[in-house]
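Peer 1: Using numbering that gives the first Met the number 0, read the sequence shown as starting at 0 and increasing by one per residue.
My questions all concern the structure below.
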Amino acid sequence: MRLTTIPLTSKFLGELDRQTDNLMKVFNSKGGAAGRKMAAIVAQMDNNEDINVRRDCVLSIYLNEDLDTLVKEHVVCMPAYCAFGQM
């Protein structure tokens, strides 16, 4: 099977959903400053049933990134406009 035929986004998200419970056990066992930081993020996740919020919270804890800067959308730019710094 070629790599281009694998739906990477859905495969990644499916595995993330499958591993979330195990990751939460690890996160909840942390103490100290890291545990307090994680507890605040987990509280956001517990207050919201949306699967996307849950994924964002798990990824931000696992990657130790802020939720606001975790994923940035990119802008597709045509080469002629990108050369001039315009969009």
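Think of the CB as a built atom: it goes at the ideal place given N, C-alpha and C, for glycine as much as any other residue.
Keep in mind the model is a prediction, meaning the values are calculated, not measured.
#1: Compare the Cα-Cα distances from Phe-26 to each of Glu-64, Ile-60 and Leu-69 and report the closest residue.
#2: According to DSSP, is Asp-65 helix, strand or coil?
#3: Which residues in the same chain have their Cβ closer than 7 angstroms to the Cβ of Leu-22, if we skip the five residues on either side of it in sequence?
#4: Can you list, in chain order, the residues of its chain whose CB lies under 6 angstroms from that of Asp-16, leaving out five sequence neighbours each side?
#5: Is Asp-55 near Leu-66, with beta carbons less than 8 angstroms apart?
#6: When the Cα atoms are used, what is the spatial distance from Met-44 to Thr-4?
#7: Measuring straight from C-alpha to C-alpha, what distance separates Lys-24 and Thr-68?
Peer 2: If we stick to the structure as given:
#1: In terms of CA proximity to Phe-26, Ile-60 leads the group Glu-64, Ile-60 and Leu-69.
#2: Residue state, collapsed to three classes: coil.
#3: Answer for Leu-22: Val-57 and Tyr-61, listed in chain order.
#4: Beyond the five residues adjoining it in sequence on each side, Asp-16 comes within less than 6 angstroms, by CB distance, of no other residue in the same chain.
#5: Going by C-beta atoms, Asp-55 is nearer than 8 angstroms to Leu-66.
#6: In a straight line, the C-alpha of Met-44 is about 33 angstroms away from that of Thr-4.
#7: About 25 angstroms.
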